[in-house]
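Take the sequence shown: its position 284, counting from 1, is numbered 284 in UniProt numbering, and each next residue is one higher.
Ideal Cβ positions, reconstructed from N, Cα and C, are used throughout, including at glycine.
A short write-up of the structure that comes next.
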Amino acid sequence: MAPTVLSSPQVPEGLLDLLNAHLPYSLPLLRRLQFTRFKGGSSPASRILYTPPPDTGLPQNAHFAAAYVDLAAGLETQMWIYSTLEDSKDVTAEDWEICAEQIVAVAEEAKKLGRAFEGELAYPGAILIGTLHAAVVKALDTKGARIKSNSENLGYHKWLFRAEELPTAELHLEDGMHWAPTTPEDCGIAISRTYLPRQLHTFILLPGLTIKLRDGTPVAWAFLGVDGSLSSLHCEEGYRGKGFAKALAAKLFREGTEEYGHDGWCHADVSPDNLSSAAVCKSLNGKVWWHGDWVQLLL
Numbered sequence: 001m002a003p004t005v006l007s008s009p010q011v012p013e014g015l016l017d018l019l020n021a022h023l024p025y026s027l028p029l030l031r032r033l034q035f036t037r038f039k040g041g042s043s044p045a046s047r048i049l050y051t052p053p054p055d056t057g058l059p060q061n062a063h064f065a066a067a068y069v070d071l072a073a074g075l076e077t078q079m080w081i082y083s084t085l086e087d088s089k090d091v092t093a094e095d096w097e098i099c100a101e102q103i104v105a106v107a108e109e110a111k112k113l114g115r116a117f118e119g120e121l122a123y124p125g126a127i128l129i130g131t132l133h134a135a136v137v138k139a140l141d142t143k144g145a146r147i148k149s150n151s152e153n154l155g156y157h158k159w160l161f162r163a164e165e166l167p168t169a170e171l172h173l174e175d176g177m178h179w180a181p182t183t184p185e186d187c188g189i190a191i192s193r194t195y196l197p198r199q200l201h202t203f204i205l206l207p208g209l210t211i212k213l214r215d216g217t218p219v220a221w222a223f224l225g226v227d228g229s230l231s232s233l234h235c236e237e238g239y240r241g242k243g244f245a246k247a248l249a250a251k252l253f254r255e256g257t258e259e260y261g262h263d264g265w266c267h268a269d270v271s272p273d274n275l276s277s278a279a280v281c282k283s284l285n286g287k288v289w290w291h292g293d294w295v296q297l298l299l
C-alpha cells in the first residue's frame with residue numbers, strides 16, 4: 001500500500017520543528033516554508049505535502065517526506081522536496097524502500113496538483129523541482145518516475161556555511177560608495193544581468209543588499225532566494241576583483257538569514273563549472289555537503 005500523503009495550504013503544526021531536527025539536509029525546504037511567513041511569500045495555489053503526518057508523535061528518527069509546491073511560480077522553482085533518505089547513514093535496503101515509496105507518493109500527489117491546475121503550466125506537462133538531493137533523484141529514477149534534468153545533467157554542488165564562521169573583516173569602500181538595501185529598480189537591473197528565469201514581483205520580496213555609488217547607481221548586489229539560498233550575486237564590470245562579492249555575501253548571510261530562522265545555517269547552489277562562484281564560497285569558509293539538481297517531474 002502506498003504511503004498516505006496529506007496536503008495543506010498552510011504549514012502544518014509540527015513540520016518546522018521536525019525539519020529543524022534534520023538540519024542541515026532539510027535546509028532548502030525548511031527555508032522555503034519559513035518564507036511563507038513573508039508578505040507575498042506564498043500563493044493561493046501553493047500546497048504543503050507530507051507523509052507521515054508531522055503531528056503524530058512519531059520519533060525523530062522515523063522516516064518521512066515533505067514538499068512545498070507552487071505551480072503559480074511561473075518559470076521559477078515550483079517544488080522543493082525533503083526526505084529523511086538524504087541524511088540517513090548506512091541505509092538498509094528496507095529503509096531505502098520506505099523512503100523511496102514516500103518520495104514517490106509525494107511526487108504522485110504533486111502530479112495530481114499539476115493535472116488539476118487551472119492555469120497554464122510554465123513547463124508544459126511538468127513541474128520544476130529545485131535543489132533536489134541526488135539521493136532523491138536516484139530514488140525517483142529507480143522507482144520509474146519520469147524526470148529529466150534541467151541542467152544538462154551537470155547538477156549543482158550544495159555549499160553550506162555557518163553564520164559564526166563567515167568572515168567579518170570590514171570592506172573598505174571608496175569615497176561615496178555605500179551599502180544599501182535593494183529597491184524595485186535594483187531588482188529590475190539584477191534581473192537584466194542574469195540568464196536565469198526571474199520575476200520582478202518575486203525579487204522585490206527577497207532580502208537583498210547592494211553596494212552603490214554616491215549617485216545611487218548599484219555596482220554590486222546579492223539576494224537570498226525564496227529558499228534562503230544565495231542568489232544573483234553580481235558585480236558590474238570595473239568593480240570586480242575588489243572583494244565586493246565576498247563582502248556582500250557574508251553581510252547578507254549574517255543579516256538576511258535571520259529573517260528566515262535562527263539556526264545559523266546558510267547555503268548556496270553552485271554549478272560544478274562555475275569556478276568563480278566556488279571561489280567565493282570557499283572564501284566564505286563554506287563546504288560542499290552534497291550534490292543536487294533541478295529536474296522536471298513529468299506529469
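- prompt: Which of helix, strand or coil does DSSP assign to Ala126?
  reply: Stepping through the sequence shown from its first residue, residue 126 is reached at position 126. Looking at Ala126 - three-state DSSP - the assignment turns out to be strand.
message: In this structure, how does DSSP classify Leu160 when only helix, strand and coil are distinguished?
response: Position 160 of the sequence shown, counted from the first residue, corresponds to residue 160. It is a strand residue.
message: So within the UniProt domain "N-acetyltransferase" (164-299), which uninterrupted beta strand (DSSP E) runs reach at least 3 residues, ignoring any that extend past its ends?
response: 178-181, 208-212, 218-224, 230-235, 265-270, 287-298
message: Can you list, in chain order, the residues of its chain with a C-beta nearer than 7 Å to that of Arg254? Leave out the 5 residues immediately preceding and following it.
response: To locate residue 254, count along the sequence shown from 1; it is residue 254. Once the five neighbours on either side are set aside, the close Cβ partners of Arg254 are Ala163, Leu166.
query: In three-state DSSP terms, what is Leu6?
result: Here residue 6 is taken as the residue at index 6 of the sequence shown, counted from 1. Note: Leu6 maps to strand in three-state DSSP.
- prompt: The alpha helix (DSSP H) spanning Leu71 covers which residue range?
  reply: Sequence index remark: in the sequence shown, residue 71 carries index 71 (1-based). Taken as a continuous stretch (DSSP letters only), Leu71 belongs to no alpha helix (DSSP H), as it is neither H nor E.
- request: For Ser283, collect the residues of the same chain with a Cβ closer than 8 Å to its Cβ; drop the 5 residues on either side in sequence, then sort them by chain order.
  value: As a first step, residue 283 is located in the sequence shown; it is residue number 283 there, counting from the start. Pro167, Lys246, listed in sequence order.
message: Restricting to Cα atoms, I'd like to know which of Val11, Pro44, Leu173, Glu236 is closest to Leu29.
response: Position 29 of the sequence shown, counting from 1, holds the residue named residue 29. Of the candidates Val11, Pro44, Leu173, Glu236, the one whose C-alpha sits nearest the C-alpha of Leu29 is Val11.
task: List the DSSP bridge partners of Ala66.
output: Within the sequence shown, residue 66 is the residue found at index 66, counting from 1. Looking at the DSSP assignment, Ala66 forms a beta bridge with Tyr50, Tyr82.
- prompt: Which one of Asn150, Phe161, Pro272, Ser151 has the shortest CA to CA distance from Gly264?
  reply: As a working mapping, residue 264 is identified with position 264 in the sequence shown. Answer by Cα proximity: Phe161.
- request: Could you tell me the distance, in whole angstroms, from the CA atom of Val270 to the CA atom of Pro3?
  value: On the sequence shown, position 270 is the one that residue 270 refers to. On the sequence shown, position 3 is the one that residue 3 refers to. The straight-line gap from Cα to Cα measures roughly 33 Å.
Residue range of the unbroken alpha helix (DSSP H) whose run includes Lys89: Translated into the one-based positions of the sequence shown, residue 89 becomes position 89. Counting along the chain, Lys89 falls outside any alpha helix (DSSP H), and DSSP gives it neither H nor E.
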